[in-house]
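Numbering (our numbering), first residue to last: 78 to 290.
What follows is a short report on a single structure.
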């Protein structure tokens, strides 16, 4: 069970909100992308593209995903510097897998969003390939795939942050065990009271009575 402080909860909410924006805007860009039927050939090799909000939606989705990735990695810090001897192997493996997969899905989603947005911002261009003229449009499913990858990336980033945060709470300030609180039981060496070497005085009657008994 993860122990999340207030600061960690705020970071998770911010990253989750940015990830939600990225996913929603990515699917919106998929629905408003330029279709093949909307492209007109003005002259041989010159294509006319209509205006589409998919460009702005794709850019916004990519920027939201980028900011979310920056925030969660800045808050969690370097994964190599956060490991301590008191972190379990399972916890460390989970954090490492989430870190690697979240970055991989982030890079792919970010490139798909930027590439799809760029192809929806063409107003008129001549495209020639091997003597043939083409009018390029975004294939169906590019923005949708990028949105799914964005969701996976943000989810794994939050999971990585929670794992690293819980691992840091186990260790002390320098990776060692947490120090006991003042109200706890202090451990130390047993204190032996010093032996008294002062003379003991016995009443005279008691001494004589013991001597002649």
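Note that the Cβ used here is the ideal one computed from N, Cα and C, for glycine as well.
Taking residue 215 as the reference, give the member of 189, 227 and 226 with the closest Cα. 189
Between which residues of its own chain and residue 138 is the CB-CB distance below 6 angstroms, once the five residues before and five after are set aside? 99, 102, 103 and 190
Using the C-alpha atoms, what's the distance from residue 110 back to residue 219? 10 angstroms
At which residues does the beta strand (DSSP E) containing residue 175 begin and terminate? Not the beta strand (DSSP E): residue 175 falls in the alpha helix (DSSP H), residues 166 to 196.
Have a look at residue 150 and residue 144 and give me their C-alpha separation to the nearest angstrom. Their Cα atoms are separated by approximately 10 angstroms.
Cβ-based burial, residue 94 [other Cβ within 10 Å; buried from 16]: exposed
Secondary structure at residue 116, three-state DSSP: helix, strand or coil? coil
Quick check: what's the CA-CA separation for residue 140 versus residue 187? 8 angstroms
Cβ neighbour criterion (16 or more within 10 Å) applied to residue 108: exposed
Of the listed residues 240, 241, 243 and 225, nearest to residue 291 (C-alpha basis): An answer regarding residue 291 cannot be provided, because it is not within the stretch 78 to 290 covered by the chain.
Going along the chain, which residues of its own chain have a beta-carbon closer than 7 angstroms to the beta-carbon of residue 237, five neighbours each way excluded? 153, 172, 175, 176 and 179
Spatial neighbours of residue 183 within its chain, please: CB distance less than 6 angstroms, with the 5 preceding and 5 following residues excluded, ordered by chain position. 146 and 230
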